[in-house]
Amino acid sequence: MKKVFLAMSLLALVACGGKQTNENQEENVNVNPAAEELKEVTGRKNFGPDHALVTTPQPCVMIATWDENKNPDVMMAAWAGQAGYKQIAISLSKHKTTENLERTGAFTISFADERTVAESDYFGIVSANDVPDKVARAGFTITPSPNVDAPIVNEYPLTLECRVVSFEDGMLIGEVVNQSADESILTDGKVDLSKLKPIVFDAAGMCYRALGEEVGKAWGAGKKFQ
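Just so we're aligned: 41 in the working numbering is position 41 of the sequence shown, and the numbers increase by one with no gaps anywhere.
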């Protein structure tokens with residue numbers, strides 16, 4: 001797959017939200033047993049602070065790492081966002097992926113899209129601790145990153161190559177050292193989300209939804225109020 005390396009600012013991580021099991025969600029939710037009684041908001045339904053919709057939509061971030069035998073591992077993560085111009089932050093409980101990145105100090109990030117819904121969901125369901133060859137089972141192929149010690153999943157057309165800056169208290173901070181995109185998702189040399197067709201996780205409906213349609217210009221649509 002021919003790759004084009006882009007000198008572009010970090011694509012905002014509003015791609016798709018990863019599917020988590022109830023067990024994983026419970027690990028990540030900080031429940032306050034002494035929470036004060038909430039007052040009703042007029043005309044609205046209260047869900048409290050610990051509902052799955054704290055932030056929505058959630059990104060379907062695909063994290064790829066090498067295991068101790070140089071086998072590729074890919075997992076889906078939902079709680080991710082941009083932490084700086086060249087940094088991303090991801091909240092992670094203990095996984096095979098966290099063991100891998102602590103050892104290698106590197107990972108890649110890709111974004112699930114309409115074409116890879118089933119495979120991406122599978123990566124969020126199955127642990128590499130149980131199925132070490134899950135990437136091959138999904139029919140995906142790998143190219144070693146030339147910039148960090150991590151695999152690039154060829155079937156995902158947009159990839160960020162990252163070094164671990166820190167991983168403390170379940171919060172991973174990564175520095176993006178390069179972004180690469182397949183020509184199939186470019187328009188005028190830029191990543192085109194209408195071609196990438198990333199998906200997001202709808203926590204209310206427990207499903208994935210597609211992104212892509214342009215509805216207004218950033219720093220432009222609101223000028224009518226000036």
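All C-beta atoms, glycine included, are put in the ideal place defined by N, C-alpha and C.
- Assigned with DSSP and collapsed to three states, ARG115 falls in helix.
- In the three-state scheme derived from DSSP, where H, G and I count as helix and E and B as strand, GLU99 is classed as helix.
- Contact between GLU119 and PHE140 holds: their C-beta atoms lie close to 6 Å from each other, under 8 Å.
- The beta carbon of ALA106 sits closer than 6 Å to those of VAL148, ASP149, ALA150 and ARG163, all from its chain and outside the five residues before and after it, given in chain order.
- The way I'd put it, the region 174-184 does touch the region 83-92; three or more beta-carbon pairs between them come closer than 8 Å.
- The Cβ atoms of LEU101 and GLY170 lie no closer than 8 Å to each other.
- Here the alpha carbons of GLU99 and ASP192 stand approximately 34 Å from one another.
- Around the beta carbon of GLY124, 16 or more other beta carbons lie within 10 angstroms, which makes this residue buried.
- Partner residues in the beta bridge of GLU175, as assigned by DSSP, are GLN87 and ARG163.
- A residue is called buried when at least 16 other Cβ atoms come within 10 angstroms of its Cβ; GLU40 does not meet this threshold and is exposed.
- Here SER180 carries a strand assignment [DSSP, helix/strand/coil].
- With a 10 Å radius around the Cβ and a threshold of 16 neighbouring Cβ atoms, ALA210 comes out exposed.
- Rounded to the nearest whole angstrom, the C-alpha separation of ILE63 and LEU38 is 37 Å.
- Counting along the chain, no beta strand (DSSP E) covers ALA203, and no H or E run does either.
- DSSP, read as helix, strand or coil, puts PHE225 in helix.
- Secondary structure of LEU38 (DSSP, three-state): coil.
- For the beta strand (DSSP E) assignment, the uninterrupted runs of no fewer than 3 residues enclosed by the region 113-156 are, from N- to C-terminal side, 142-144 and 151-153.
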